[in-house]
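Note sheet for the following structure.
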Amino acid sequence: MQQKKAEEKEKKPKFCINDHTDILTEILKRLDGPSLGVAACVCRLWSAIARNDSLWEHLCFRHVASPAPSSVRPVVLALGGYKRLYMVCVRPVLSRLGHSDLVRRRFWTRDEVQLSLSLFCVDYYERRLGGASASSLMFLCKPVNV
Amino acid sequence: MANNGENPSPDVGGKTVKLKADDGEIFEVEEAVAMELQTVKSFFDDDGVSYDTVVPLLNVSSTALAKVIQYCRRAVELRAKSGDDEGANEKAREEREGLEAELVREESDEGIKELILAANYLNIKDMLSFLCRAVGDRIKNKSVEYVRRFFVLENDFSPEEEERTRNEVAWAFEGVDAD
Numbered sequence: 001m002q003q004k005k006a007e008e009k010e011k012k013p014k015f016c017i018n019d020h021t022d023i024l025t026e027i028l029k030r031l032d033g034p035s036l037g038v039a040a041c042v043c044r045l046w047s048a049i050a051r052n053d054s055l056w057e058h059l060c061f062r063h064v065a066s067p068a069p070s071s072v073r074p075v076v077l078a079l080g081g082y083k084r085l086y087m088v089c090v091r092p093v094l095s096r097l098g099h100s101d102l103v104r105r106r107f108w109t110r111d112e113v114q115l116s117l118s119l120f121c122v123d124y125y126e127r128r129l130g131g132a133s134a135s136s137l138m139f140l141c142k143p144v145n146v
Numbered sequence: 147m148a149n150n151g152e153n154p155s156p157d158v159g160g161k162t163v164k165l166k167a168d169d170g171e172i173f174e175v176e177e178a179v180a181m182e183l184q185t186v187k188s189f190f191d192d193d194g195v196s197y198d199t200v201v202p203l204l205n206v207s208s209t210a211l212a213k214v215i216q217y218c219r220r221a222v223e224l225r226a227k228s229g230d231d232e233g234a235n236e237k238a239r240e241e242r243e244g245l246e247a248e249l250v251r252e253e254s255d256e257g258i259k260e261l262i263l264a265a266n267y268l269n270i271k272d273m274l275s276f277l278c279r280a281v282g283d284r285i286k287n288k289s290v291e292y293v294r295r296f297f298v299l300e301n302d303f304s305p306e307e308e309e310r311t312r313n314e315v316a317w318a319f320e321g322v323d324a325d
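Protein sequences, first through last, are from chains A and B.
Number 71 in the working numbering belongs to position 71 of the first sequence; there are no gaps in the numbering.
Here the working numbering runs 146 ahead of the position in the second sequence, where the first position is 1.
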């Protein structure tokens, strides 16, 4: 009881970790995709931090041996940003392999990232042409029953 | 209760530095260890500050400072062990990871947040890095409510905002266990 009182007394003058968006960003950088999505729903501050596209860029290329060339970034940003890249392409490409566990734990290869980037371009143009049709190439992103 | 009982690391010369925590407790540490704390290093890099000056660390509790010093002391020892030999490097790296895991395992959620703030204030990059990773691990795959409780956050979304945000990341909630 006494210790709890002492702890509570200590808490008041201390400033809170939530005052440090740089620290929060560092923590969020270490999360996987789904956890980052959950983080975005916690409160307004976290939602704003999670909207930082560089977090999603970090996520997309985290497990690739060498980082993507710097010429990739302006293209991705023009096509909708890294968060969209992750949501629309990277994550489904991984899910195709079956269990959601794999999405969280697996390291993905450069080829899978390249495929995601190609599909991302496809997604962009199909949206410009007026939404997905039956002949949409984005079927490549849908789960398959094997 | 100054930290005088501890034996200084044998490799370091006798110079020590005094660090004062927020409650006034003084910690006497070897110079090499104190310089791990970039904030302390900058303090002495200023012209004319003698090593006898007590460094006031107003934003760090004595509990946190004690742990920080303990970590840095062992980190300095481990770094001295590693050299050109890859085997020795590997062993030192494993020991350091063990040290980090040990520090983190014993900490409560509040404790670990306090350590992060201390490491940030004292500007100790490596420590901040593994602490952030540890917190990341603790909130990974957890529910929104769990994260809110961990960080003591209030849901300040309006119902419409919350629904919209959740819809944007609906895929994140597939298969997550409500804990």
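A virtual CB, placed ideally from N, CA and C, is assigned to each residue, including glycine.
{"Asked": "For Asn205(B), the nearest candidate out of Gly244(B), Glu307(B), Ala167(B) (CA to CA)", "Found": "Ala167(B)"}
{"Asked": "Partners in chain B for Ser47(A), counting only beta-carbon separations shorter than 9 Å", "Found": "Phe303, Glu307, Thr311"}
{"Asked": "Residue-level contact to chain B via CB, Arg30(A), 9 Å cutoff", "Found": "yes"}
{"Asked": "C-alpha gap between Asp272(B) and Asn52(A), whole angstroms", "Found": "24 Å"}
{"Asked": "The stretch 268 to 284 of chain B / the stretch 305 to 316 of chain B touching (three or more Cβ pairs under 8 Å)", "Found": "no"}
{"Asked": "Residues near Asn235(B) in its chain [Cβ-Cβ closer than 6 Å; skip 5 each side]", "Found": "Ser228"}
{"Asked": "Within chain A, partners of Arg294(B) - CB distance below 8 Å", "Found": "Val42, Cys43"}
{"Asked": "Pair within 9 Å by beta-carbon distance, Lys286(B) and Leu77(A)", "Found": "no"}
{"Asked": "Residues near Leu261(B) in its chain [Cβ-Cβ closer than 6 Å; skip 5 each side]", "Found": "Ala210, Leu277"}
{"Asked": "Contact under 9 Å by Cβ, Cys43(A) with Leu299(B)", "Found": "yes"}
{"Asked": "Cross-chain neighbours of His20(A) in chain B, by beta carbon under 7 Å", "Found": "Asn266"}
{"Asked": "Whole-angstrom distance between Lys164(B) and Ser70(A), CA atom to CA atom", "Found": "46 Å"}
{"Asked": "Per DSSP, cross-strand counterpart(s) of Ile172(B)", "Found": "Lys166(B)"}
{"Asked": "Residue environment, Ala226(B), which counts as buried when at least 16 other CB atoms sit within 10 Å", "Found": "exposed"}
{"Asked": "Test: Cys16(A) CB closer than 9 Å to a CB of chain B", "Found": "yes"}
{"Asked": "For Lys161(B), three-class secondary structure by DSSP", "Found": "coil"}
{"Asked": "Assigned exposure category for Glu316(B) - 16 Cβ within 10 Å defines buried", "Found": "Note on residue identity: the sequence assigns Ala, not Glu, to residue 316(B). Exposed is the call here."}
{"Asked": "Partner residues on chain B for Glu26(A), Cβ-Cβ distance less than 8 Å", "Found": "Leu274, Ser275, Cys278"}
{"Asked": "Assigned secondary structure, Pro202(B) (DSSP; H/G/I helix, E/B strand, else coil)", "Found": "strand"}
{"Asked": "Simplified DSSP state of Val42(A), which is helix, strand or coil", "Found": "coil"}
{"Asked": "9 Å Cβ cutoff met for Leu203(B) and Val175(B)", "Found": "no"}
{"Asked": "Within-9 Å CB hit, Val290(B) to chain A", "Found": "yes"}
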